[in-house]
Amino acid sequence: MSAAPRPRASRKRKATDVDFSRRQQLLRASARLFRERGYDGTSVRDIAQATGMQSGSWVYHFATKHDILEAVMKEGLVDALARIEAIAALGLPPRQQFDRLVHTHLDTLLGAGQDFIPVVLYEWRSLEPAARRRVSVLLKRYEAVWAGALAQLRAAGDWPGTTRIDALLLFGALNWIARWYDPRGALDVRALADECIRFFLRAPPAPVRKPKASALSKRPAK
28 MSAAPRPRAS RKRKATDVDF SRRQQLLRAS ARLFRERGYD GTSVRDIAQA
78 TGMQSGSWVY HFATKHDILE AVMKEGLVDA LARIEAIAAL GLPPRQQFDR
128 LVHTHLDTLL GAGQDFIPVV LYEWRSLEPA ARRRVSVLLK RYEAVWAGAL
178 AQLRAAGDWP GTTRIDALLL FGALNWIARW YDPRGALDVR ALADECIRFF
228 LRAPPAPVRK PKASALSKRP AK
């Protein structure tokens, strides 16, 4: 008896899985190239070679190089947003929530293979206006999570800032780290995040109080 033919739905699902895998491979390679060489310095031929695709076959997934750029930014933001929204949903104390957010933000910038968010930061001007508006929807959601966390910190007395400028300064300092951080240096990403947290939430040392005299010391000398 001959084997029953494989159901058509199964073959279609397998083909879809392969297409998705190839698309993700293309996005990862594109993100790395955009980060290393810049958007203008990366050609579609470079992307094809990095993924092992034949020249021109990438258009099966994206019509233009600009479409790849937009997809790279969305991919990075969707992943980063899912991570910080999960933290916000835990209902942690404000200081602990802030700690987790800083660690996660720096991991999305500096972790191994994390090329997507740096592309968002440094190739923003390469986006066409319509694409910029679409990507901005995700950016605003990301910023809203942080705004809520800072508001909780402020209410707890651990964040003295009162304007949106404070958040912009925070992001500016964190995001600039991607420019100078050396993974071969003395600090790994976790230790660097701890240093950032100490800097942003630093407080003056508690006043030194003299110990109270014990009952024994108050006895009159004989």
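Going by our numbering, the sequence shown opens with residue 28, and the numbers climb by one from there.
The beta carbon of each residue, even a glycine, is placed where N, CA and C say it ideally should be.
Proximity winner among the options, relative to residue i (alpha-carbon distances)
i	options	result
D134	S48, D67, V216	V216
R168	A115, G79, S48, R55	A115
R110	K92, T91, H93, H130	H130
V162	D94, Q141, D142	D94
Q76	F89, A56, Y66	A56
E150	P210, R62, R211	R62
L228	Y66, D126, L195	D126
R159	G199, L104, A205, G138	L104
L148	A58, F226, G188	A58
D193	A178, R225, D67, L214	A178
D67	R152, G138, G140, A139	R152
For residue i, three-class secondary structure by DSSP
i	result
P231	Any reading at P231 needs caution, since the residue's pLDDT is 43, under 50, leaving its predicted position unreliable; the model's value is listed next. Reduced to three states, the DSSP call for P231 is coil.
A58	helix
D73	helix
A213	coil
W151	helix
Q141	coil
D67	coil
D221	helix
F226	helix
First and last residue of the uninterrupted alpha helix (DSSP H) at residue i
i	result
D106	92 to 115
G199	191 to 207
S163	156 to 182
P121	121 to 137
CB-CB length for residue i against residue j, believed under 8 Å
i	j	result
L96	L154	7 Å
A107	I144	6 Å
V146	M100	6 Å
T78	Q52	5 Å
W173	L119	W173 to L119, Cβ: 14 Å. No contact.
L180	P121	5 Å
R64	H88	Rounded, the Cβ-Cβ distance is 20 Å, inconsistent with contact.
Q124	A176	5 Å
L54	E102	5 Å
A205	L136	5 Å
Check: residue i C-beta below 8 Å from any heavy atom of the ligand ZN
i	result
V162	In the structure shown, the ligand ZN is absent, as is every other ligand, since no ligand is present at all.
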